[in-house]
Structures are given as structure tokens and as C-alpha cells.
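Peer 1: Got a structure for you, written out below as C-alpha cells; questions coming shortly.
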Amino acid sequence: MIENAITVHPFSAETLGRLICPDRLDNIPPQVDYLARYCARLGARTLVHERHYMDRHYVDEYALYYSRMLSPPPNHVARIHFFKRDFDETQFARWLERSTVSAADREAVQAELSAGAKPNDRDGYLGYCSVRPVTSVPIGRTILSTPGDDTTGLRRDIWATNRHDVHIANLCLRVDGLAFQQQDVAVGACATAALWSALARSARMDGMRAPTPAEISEAATRAARPPVRGLLSASTGLTVTQLCEATRSLGFTPEVISAMRRPESFVGALHAYLQSGIPVVLALRGSGLGHAVAATGFQCSSSEHPGLSGTIPSFSSRMTKLYIHDDRLGPYARAYIAPFNCRVDATTGDTIEGLSCEIEWPGKQAEMWLVDSAVVPVYPKLRMSVRSLMALAELTAGLVEPLVGPKRARELRVDLRYERGGEYLSRLSGRLVDPNVAGTFVRRVSFSRWIAIVRWHLAEQELLEFVYDTTDIVRTAEIQNRELLRAIVCLQDGFRKAIRPIADELQVLTG
Amino acid sequence: MKNEREKSSPSESPPSEPVILTADAVRKALNKAASNADELNEQLREVFALTDTSAALRLR
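Here the protein sequences come in this chain order: A and B. Position 115 (the first sequence) corresponds to 115 in this note's numbering; numbering is contiguous. Throughout, this note's numbering is defined as the position within the second sequence, counted from one, plus 511.
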């Protein structure tokens, strides 16, 4: 008879290792070691182990590959849940008993289990890790909370995550995170895992079901299979072209950005997508090898890197650190990026420029890669690329600089992002400077499903936003600025009057 | 095209009133900025494209 068993354990690296890979305690995979360190950093105190869980991502791998083995593994995974608070079997049994009394009691138990360190915190549930019954590659779909801000006070911007409802017995708990899993080598490789993580966010953002690794591998190799041995050529790695094919056949448009020229534009695009909550698959090069990771967030330093400064001053030039899902390591691993510029020919003075990426390995030397390119799975009707958005930002700079005067123009900074139109309007509450105009504005303005925002800041404070329709590309900046601009939103009271003539000339609504 | 604008720390600049531009000044500013924007758009063409070397890179 199929039966689940839920048990409670105090958190420790040893217990986690014993629960995930009891048969190879002398050779713990690096991913398990990473998870133990990461969960300790999040403040994990207690583990709850579920013996039997049907995970559709593993079931697909099972159907495609494992079920055809002479001696197949089980078709289900186990799950390990991580909690910030201390509790034991007896307490957990009491909670489950109470949760069956009434809906109100169940909610009270859920609130107790989710309680954080401070009275109103609800971050006590840290997420879970699925354990495949495949000893060599045990880490299946894993969703863990993002790290909080660091001790130096620098903010971590990890935007590309989903909110997940997680069920344990009759309880429903919540966690915000991006799905991670170790590549299983049979069905997929690192590129499959990276694209799978990225699509888990992009698909759910647009109301679609996230594809499984097996679906990604099949989509990637549907067109042309290279002459390599294996059930799925994805198991031997995917090319960047195959990543694009998979993205397209799963209903998204792949935006490809090269990092081998103009690192400042590459980083500008990376910044724009990540703060729009759209994960970016990074293709890395090193020692003749290629590797792929999914970037899900970033951290900025307090100053700008001169090598990342573009045509207009942008917050992206402060980006120094990425948070990546690296299937060889774990979720939200730290990677430091830096532009380089070196002379390759002393006589001609020819130089090459690019971006390095140093992945931090716990207890080991950091690993150095060169960023080759990025593939971004984008909603198909979001046609305005970051390239177009950068051109429009350049155009708006010509308007904003005279507005603030030459002295203060030095304090201007821009950031670019995409957002769903409805969410943008909801987020305007409390930001618009004139409540009388604001009511009319939200009533009259009409947006595409996705909008693009060129946000200008003055002395680190939000100043104004140019809001664009994203359903066309930019061929001629001035013409399309007029056609695609939907609104100019003033975010500093003193500038309301000054923005009016610009809005009038461009015949656009202002809020 | 790297940033050619002069930089300074925010504390160096005194606060000043916003400049109210005339309709003509807005049109002139737009015209002037448009050529920069189109040039940038063209220059970025090679960055936002799949190169042959990237296309063939096998990620494993």
C-alpha cells in the first residue's frame, strides 16, 4: 500500500546529508553540502521529512527515461521542508491534530509554523527540497527562500521568484523562491536546468504552466539532433541555438544578448530584465568548456564601475554581484561580475572587452568564467527589446537634462524595466504627487499587457517615468517615442509644472 | 559610445528649481536627442544578436 510518513528532525548538515543520501555519507554531493550551508544561513532549525510525494517534474523524467530501466527507481520523490523555529515530533503531532478541528484552527497552526523572528514576520517556513530516488543525482525540484539583505546593509535585489503554496499533510504554507534542481545528466544537462529555472518564473508570470525538464530537453532537440550517443542529446549539453529553440517552442521569444562586445550594454540589459523579475540564462565560457546558469537577482555596490558606464548614467553600472542558480552548486549562489578590456595586439592596439564572472564555491577557490551571452525567455508580445528601450532612454535624456538644469543633470540616473500594465497601475498608489490628477490619470490611461518604463532619478530619488507600449520595436526613435509613449508619470512634486509642456508636445497623458 | 557626461557626487550640486521648457525648446531637445538615440540603436545591433561563436557554444 502506498503510504506517506512525515517525520520531524532537528536541523543539522549531518541530518540533511543522512536524509538525502544515506547510501553515500562518505561522498556527499556538493549540492547537498551547499543546501546545508545555505539553509543554515537562512536560520533553519527544524526539518520535516515527507517520504512519499508525487512531483510532476520528476514524474516526467521518470516517464521519459527511468521507467525504461531494467530496474527502475521508485516513481516518487521524498521532500524535506525547512523551518526557522524549533519543534519536535510531539509538538508537530499536536499541531496536526489541532489543524483538523476547524478551518480557523488550521489557519492558526499555519501561522504558527510560518512565524518568523519578529512579531509580524511570516518567513518562518523556508521552503523545501525534493529528493530523487536516484542516489547519484538526488536533488530534485527545490524551492527555498531568497537570502535577506546582507550585514553591510547593501540590498539584495532578487526579483525573479514565484510565490508557491506548499502542502504538508492538511497544511498549506507559502514560500517565495525560484525553482532549482541538480541536472540528472540522463534527461538534461546544465543548460536544461538553467532554462527550466528561468521558465518556471516566466511561464507562471504569464499564467502558463511551467515546463518540466523533460519537456525542455525534448523541445531543445526536436529540430536538429547532433550526432551524439544518448536517448536525448540534451544529456550531453545544449548549444545556445538549442536553448533558443526550446524557448521558442515552449511559447516564449528568446532575446539573445552578446557579452563579448560592450559589457556596459550587456549589464544594462541584465539589470533591466532582473529587476523586471525576468530570469536570465547566462552562457559561460572557460577552459574550452561551456556552462549555463540562471541569474535570478543581483546586488549593487554604492558606486559606479567606470567600465560599465554607458551613454547615460544608469544604476546598472553599480551591479557587481549576481545571484545564480548553478545546478552544480545550488540556488542563489554568489557570482561576481567585472568588465575587462585587454589589448590583444600591441602593434595595432586592438583590444577585446567583455565580462568576467567569478562563481563563489564554499570552502574552495572561486571559479572564473567569461560571460559569452545571455538568453532571456520573454513573453512573445513584449516586442520592445532592451536595445529599443536603451535608445528611448537616450532620447528622454535629451528632455530630462534641460528640465533639471546643467548643474543637477549630473545627479540624474536612469533605470529601465518592464512590468505588467495592471501591476504598474496598482503600484502607483502613494507614488503620484497630485491626487486630483491621479484619479483622472488612472481612469484614462490605456496600457499594453506589458509596459516598458524609463525611470529617471534625481539625487537617488525617483523623479519621473516615461511609460511605453511594448508591442512594437523601435526603428526611428523620435517617431516611435511619440507613437509608443503612453504616459509620463511625475514622482516629485516640484516637477509637476515642468513636465506639462513635454507631455503637451508629445500629446500624452501625465500623472 | 561610453558615457561622456561629467560626473560629480550629488552633495556637490546645490538644489535648483526645475526649468519649464517652452514647446519650441521641447521640440529642439527632441530633435537633438533623436539622432543620438538612433545612432545608439544602430550601434547596439551587434550586441543584441546571436553571434556564430555563441550559437555553437555547447553548455554542459
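Glycine is no exception: its CB is placed at the ideal position from the N, C-alpha and C atoms.
1) Provide the residue(s) that pair with residue 314/A in DSSP beta bridges, ordered along the chain.
2) Quick check on the burial criterion: 16 or more other C-beta atoms within 10 angstroms. Buried or exposed for residue 390/A?
3) From which residue to which residue does the beta strand (DSSP E) around residue 321/A run?
4) Out of 396/A, 448/A, 222/A, which has the shortest C-alpha to C-alpha gap to residue 486/A?
5) Mind checking whether residue 306/A and residue 57/A have CB atoms under 8 Å apart?
6) Could you spell out where the alpha helix (DSSP H) holding residue 461/A opens and where it closes?
7) At a Cβ cut of 8 Å, what residues of the stretch 375 to 390 of chain A count as close to chain B, listed as they run along the chain?
8) Kindly say whether residue 566/B, judged by its beta-carbon, lies nearer than 8 Å to any beta-carbon of chain A.
9) Here's the rule: buried if 16 or more other CB atoms are within 10 angstroms of the residue's CB, otherwise exposed. What is residue 566/A?
10) Just to confirm my understanding: we take residue 28/A, look at its own chain, exclude 5 residues before and 5 after, and list those with CB closer than 7 Å. What are they?
11) In this structure, how does DSSP classify residue 297/A when only helix, strand and coil are distinguished?
12) Mind checking if residue 292/A is an interface residue toward chain B, Cβ cutoff 8 Å exclusive?
13) If you drop the 5 nearest sequence neighbours on each side, which residues of the same chain put their C-beta closer than 6 Å to that of residue 47/A?
14) Are the CB atoms of residue 281/A and residue 243/A nearer to each other than 8 Å?
15) Name the DSSP beta bridge partners of residue 487/A, please?
16) What residues match up with residue 351/A in a beta bridge as DSSP calls it?
17) If you draw a straight line from the alpha carbon of residue 153/A to that of residue 363/A, how long is it in whole angstroms?
18) When you compare only the Cα positions, how much space is there between residue 330/A and residue 462/A?
19) Is residue 320/A near the ligand COA, going by C-beta to nearest heavy atom under 7 Å?
20) With 8 Å as the C-beta to C-beta threshold (strictly closer), list the residues of the stretch 241 to 266 of chain A near chain B in chain order.
21) List, in order along the chain, the chain B residues whose C-beta lies closer than 9 Å to that of residue 364/A?
22) Which runs of the beta strand (DSSP E) at least 3 residues long sit entirely within the stretch 351 to 411 of chain A? Give them in chain order.
23) Roughly how many angstroms lie between the CA atoms of residue 475/A and residue 143/A, to the nearest whole one?
24) Is the distance from the Cβ of residue 408/A to the Cβ of residue 458/A below 8 Å?
25) Can you name the residues of chain B whose CB is closer than 7 Å to the CB of residue 373/A?
26) Quick check on DSSP: helix, strand or coil for residue 27/A?
27) State yes or no: is the C-beta of residue 283/A within less than 8 Å of the C-beta of residue 374/A?
28) Which one or two residues does DSSP pair with residue 453/A in a beta bridge?
29) Quick check on the DSSP output: what are the complete alpha helix (DSSP H) runs of length 4 or more inside the stretch 22 to 83 of chain A, in order along the chain?
30) Would you call the stretch 380 to 388 of chain A and the stretch 248 to 256 of chain A in contact, with 3 or more CB pairs under 8 Å?
31) Among 59/A, 385/A, 185/A, which has the Cα closest to the Cα of residue 327/A?
32) Roughly how many angstroms lie between the CA atoms of residue 19/A and residue 49/A, to the nearest whole one?
33) Please tell me whether residue 279/A and residue 201/A are closer than 8 Å, where the distance is taken between their beta carbons.
34) Does the structure place the stretch 52 to 69 of chain A close enough to the stretch 339 to 355 of chain A that three or more beta carbon pairs sit under 8 Å?
35) Below 8 Å, how does it come out for the stretch 558 to 571 of chain B and the stretch 396 to 414 of chain A: are there three or more Cβ pairs, yes or no?
36) Check whether the Cβ of residue 112/A lies closer than 8 Å to any Cβ atom in chain B.
Peer 2: In short:
1) 414/A
2) buried
3) 319 to 326
4) 448/A
5) no
6) Residue 461/A -> not in any alpha helix (DSSP H); beta strand (DSSP E) instead, spanning 461 to 469.
7) 385, 386, 387, 388, 390
8) yes
9) Shown here, chain A extends from 1 to 511; a query on residue 566/A therefore has no answer.
10) 17, 21
11) strand
12) yes
13) 9, 11, 80
14) yes
15) 467/A, 509/A
16) 343/A
17) 24 Å
18) 35 Å
19) Ligands displayed in this structure: none; no statement on the ligand COA is therefore possible.
20) 241, 243, 244, 255, 256, 257, 258, 260, 261, 262, 264, 265, 266
21) Going along chain B, no residue has its Cβ under 9 Å from residue 364/A, so there is no contact; the nearest lies around 20 Å.
22) 351 to 359, 367 to 378
23) 41 Å
24) yes
25) 565
26) coil
27) yes
28) 417/A, 467/A
29) 30 to 42, 56 to 64
30) yes
31) 185/A
32) 8 Å
33) yes
34) no
35) no
36) no
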